[in-house]
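What follows is a short report on a single structure.
Protein chains: 2
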Amino acid sequence: MAIQPPRGTRDFMPAVMIRREYLIEMIRAVFRDYGFQPMETPAFESWELLSKKGGGGEAVKDEIYYFKDKAYREMGLRFDLTVPLARVVVANPQFPKPFKCYQIGKVWRYDRPQAGRFREFWQTDADIVGSQSMDCEAECLALAVNVLSQLGFRKFKVRLNDRKILNGVMEVAGIGKKMEADVFRVLDKLEKIGPGEVKKELGRIIPPRKARTIMDAIGKSGSPSSMLRDSPGIESSTVADEGMNELRDLVGKCKTYGIGKYLEIDFSMVRGLEYYTGPIFEIFIESERNVGSVGGGGRYDNLVELYGGKWTPAVGISLGIERIYDIMESEGMFDQPKTRTEVFVVAVDDSVRKDAIMVAQELRAKFANVETDLMGRDMKKQLAYVNAQGIPFAVFVGPAELKKGRFTVRDMKSGKEAGLGLVQMAKRFGKG
Amino acid sequence: MAIQPPRGTRDFMPAVMIRREYLIEMIRAVFRDYGFQPMETPAFESWELLSKKGGGGEAVKDEIYYFKDKAYREMGLRFDLTVPLARVVVANPQFPKPFKCYQIGKVWRYDRPQAGRFREFWQTDADIVGSQSMDCEAECLALAVNVLSQLGFRKFKVRLNDRKILNGVMEVAGIGKKMEADVFRVLDKLEKIGPGEVKKELGRIIPPRKARTIMDAIGKSGSPSSMLRDSPGIESSTVADEGMNELRDLVGKCKTYGIGKYLEIDFSMVRGLEYYTGPIFEIFIESERNVGSVGGGGRYDNLVELYGGKWTPAVGISLGIERIYDIMESEGMFDQPKTRTEVFVVAVDDSVRKDAIMVAQELRAKFANVETDLMGRDMKKQLAYVNAQGIPFAVFVGPAELKKGRFTVRDMKSGKEAGLGLVQMAKRFGKG
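If you're matching them up, the sequences are chains S and L in order.
Counting in this note's numbering, the first sequence tops out at residue 635, every number present.
Counting in this note's numbering, the second sequence tops out at residue 635, every number present.
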């Protein structure tokens, strides 16, 4: 029998989970700081819903976990948290606007598993539904900057672009609506395969002259101040012009939020998912491990309408746990212990086993994280377990200690000992 | 297009999610108090693994979400958190024992949806792997009592039984191994259909005389002191005797843990899942809403071996979020606000919009949960939103306030106002 988890999925053991929990709890805390409210949807959705995302259709079936339930309903595991959110908004038109919500949960994609790419992974999303103002984009980005800063990152960039600028470029280059998705799919590979290869691939699906026009227009990135002065080559497009104005507005608002220095404009940035309609963004951490973007998002004003709701503007940002974790791990940024247990209560002999349990219960009542022996082990073996687990403190309960009402507390790292009563111990280790 | 979640699943909107988060965070905190470490496994597992649970086989296929992935691997969404844990233990024999871990996550069962019964729901499990001592059972039960007490429950019962006693009863009644599972399945309905119906149903699959023997032996429940004195009708079974001794040992240990008063022995209690080998338990809350057990568990010493590992004793307890939530909701035990936002920063006119954002950012930096206008609304409409959302405080930012460096803070419930500077506000609302 296979004892490994299914291909592309992972088990998370305690030492890793403690770090993942820290990461998720930190992100959740910042979501709350910004006034986002929690929301949750099922792991699977109807195939009808999942397949409707911009131009996806049957092709989506190859990229997701698709199945029929026992009533032959077509279903799929969700591949993101935005599509379910759009369904919820359609189903609940009564929510006061803006509807600000966060979602933290697993999503599934049937990708080829490779380094840093999994079939099951966690996403943490914050969305603002109901407002057309660039304040929303700025707030989502401020939130992301805040998360990364609080996690200890110093060097990262927020890359901005606007779907309207990309659409304008298509217009100027004379690419019809039908070809757009294909062109964007090639452009999306820029980071991976470089401009030379992209141009070549474009040349295979559109005339080389058009490919050149596109590459000239988008082949630039830099600081907002230099990039937003003018948009060379696409002045003739009204929609691109609109996009430029959106970015100018957004950059100004980001400055108010105190995050101007992180911004970079990159006209070549296309985001994979096709539901975006305005500003799009991706967040990159500068690190030895080049893991690509650790998060991104954008404006998707038409998605709710696509699912049958009233036209509803919306913006969202998604932060990926897996890549952030990888960078923090490889840069030694975690300082979580490998166990959450703070204290092990040692029964020094068999006569005091009950007392050891009672001491443990006392400390737990004060919200200290406590273990005690569950194996009938002698003192030596109990201490071996304490060391194997990396539990930082041992409290010794023995007949003499019980008589005095003071217990020896040993710092397992330094070996230093102190005699403490129950009340002092509860204060020392307790959280409440 | 269907805008409802798939049959048997649910969307959780913010007001409900805030309560669910509270519930889950409380349970997690108690798991940590008891020295359990976090663990996580994938949402789906191989069909081979899922079907192997005691006597399940093909029948399991009807009760779970079964599918083939694109490489024709047979898969299923997990139906509990214990089977994946057993796989993890097989895959990681090196873990120091006892291995104490908790899991909090979704599981899926293809049941007929009905009141309080869903196809997707959360479980919170704590397990102790590697010890045969009844200390483990006692600790799991103390943990459950602790969770319920901290959530505010006063009246609840822990019902105990032991698989060995049930096996002894089968032995005495002359029920062969092959029939046992069928008999247990009927006994499991006792609470639902009553002893008369159970006897009738048993009579259909075994001789009435045997049915009577069984019903006489198990038709008793009561306090440990009365129930453990002797086990009428099953003295002749060594295995039942062993079960009685386990329960005596366990009851004694529970007293040390301070939870003796919650115990009740019920010889008729069978738990649905078939991997248990020793003590089993279920937790019942006394409430108007008779929702059945809110949690349970037991000893499953053979499961790791069944999956190809070394024989490894283990005990676990599982608490169900859904039923606990339902009771707390119907008894008015939640006092969570309907929004997590504490403060809304009001821009009194358009000239101070940037300043309002900066004030909001200052408060967020101190870990207060803050919203500000994202819709370009006037003051009146901003306050309408504050009221619609139930945000408890509004901070007014206007030209005069900015000049003074003091802002009017309004308690939205009482209408009381106070003038506070930024530092005071941060202290008032901040968490850090």
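Each residue gets a CB set at the ideal place from its N, CA and C atoms; glycine is no exception.
Residues of the segment 495-517 of chain S with a C-beta less than 7 angstroms from any C-beta of chain L: 510, 511, listed in chain order. Between residue 281 of chain S and residue 247 of chain S, the gap from beta carbon to beta carbon is short of 8 angstroms. With 16 or more neighbouring CB atoms inside 10 Å of its own CB, residue 456 of chain S falls in the buried class. Closer than 8 angstroms to the CB of residue 522 of chain S there is not a single CB belonging to chain L.
In this structure, DSSP gives residue 612 of chain S an extended state, which the three-state scheme calls strand. Distance between residue 317 of chain S and residue 244 of chain L, taken at the CA atoms: about 19 angstroms. Cβ-Cβ separation between residue 588 of chain L and residue 241 of chain S: approximately 19 angstroms, too far for a contact (criterion under 8 angstroms). Between residue 498 of chain L and the set L:350, L:617, L:612, L:607, the nearest pair of CA atoms involves L:350. Take the alpha-carbon of residue 414 of chain S and the one of residue 561 of chain L: they are about 44 angstroms apart.
Under DSSP, residue 483 of chain L takes part in a beta bridge, and its partners are L:364, L:501. Close to chain S, meaning a Cβ-Cβ distance shorter than 7 angstroms, are the following residues of the segment 537-570 of chain L: 542, 543, 544, 557, 560, 561, 564, 567, 570. About 18 angstroms separates the beta carbon of residue 310 of chain L from that of residue 486 of chain L, a gap too long to meet the 8 angstroms contact definition. In this structure, the beta-carbon distance from residue 390 of chain S to residue 440 of chain S does not fall below 8 angstroms. Contact check for residue 521 of chain L and residue 328 of chain L: beta-carbon distance about 5 angstroms, within the 8 angstroms limit, so the pair qualifies. Counting only unbroken stretches of 3 or more residues, the beta strand (DSSP E) elements lying wholly within the segment 245-309 of chain S are 247-249, 269-271, 277-280, in sequence order.
Residue 392 of chain S and residue 276 of chain L have their alpha carbons spaced roughly 31 angstroms apart. Under the DSSP assignment, residue 591 of chain S falls in the alpha helix (DSSP H) whose first and last residues are 582-592. When secondary structure is reduced to three states using DSSP, residue 466 of chain S falls in the strand class. Taking 8 angstroms as the cut-off, the beta carbon of residue 586 of chain S is found closer than this to the beta carbon of residue 597 of chain S. Per DSSP, the unbroken alpha helix (DSSP H) holding residue 396 of chain L starts and ends at 393-408.
Residue environment: residue 552 of chain L is assigned as exposed (fewer than 16 neighbouring CB atoms within 10 Å of its CB, all protein chains considered).
The CB of residue 316 of chain L never comes closer than 7 angstroms to any CB in chain S; the least such distance is about 12 angstroms. In the structure shown, the three-state DSSP call for residue 234 of chain L is helix. Restricting attention to S:518, S:595, S:308, the CA atom closest to the CA of residue 615 of chain S is found in S:595. According to the DSSP secondary-structure assignment, residue 328 of chain L is paired through a beta bridge with L:306, L:521.
When the beta-carbon positions are compared, residue 509 of chain L and residue 264 of chain L stay at least 8 angstroms from each other.
Residue 467 of chain L is not a Cβ neighbour of residue 238 of chain S, given a cutoff of 8 angstroms. In this structure, residue 367 of chain L lies near residue 442 of chain L, with their beta-carbon atoms less than 8 angstroms apart.
Among the residues of chain S, none has a CB under 7 angstroms from the CB of residue 394 of chain L; the nearest is roughly 27 angstroms distant.
By the CB criterion at 8 angstroms, residue 593 of chain L and residue 515 of chain L fall outside the cutoff.
Shown here for residue 623 of chain S: same chain residues with a beta carbon closer than 7 angstroms to its own, the five before and five after excluded, namely 609, 610, 612, 631 in chain order.
The residue from S:304, S:220, S:269 with its alpha-carbon nearest to that of residue 544 of chain L is S:304. Taking 7 angstroms as the Cβ-Cβ cut-off, the segment 234-252 of chain S approaches chain L at 235, 236, 237, 238, 240, 241, 242, 243, 244, 245, 246, 247, 248, 249, 251, 252, given in chain order. Taking a cut-off of 8 angstroms on C-beta distances, the segment 524-532 of chain S does not touch the segment 423-430 of chain S, as fewer than three cross pairs fall below it. Assigned with DSSP and collapsed to three states, residue 548 of chain L falls in strand. In this structure residue 334 of chain L is buried. Its beta-carbon is surrounded by 16 or more other beta-carbon atoms within 10 angstroms.
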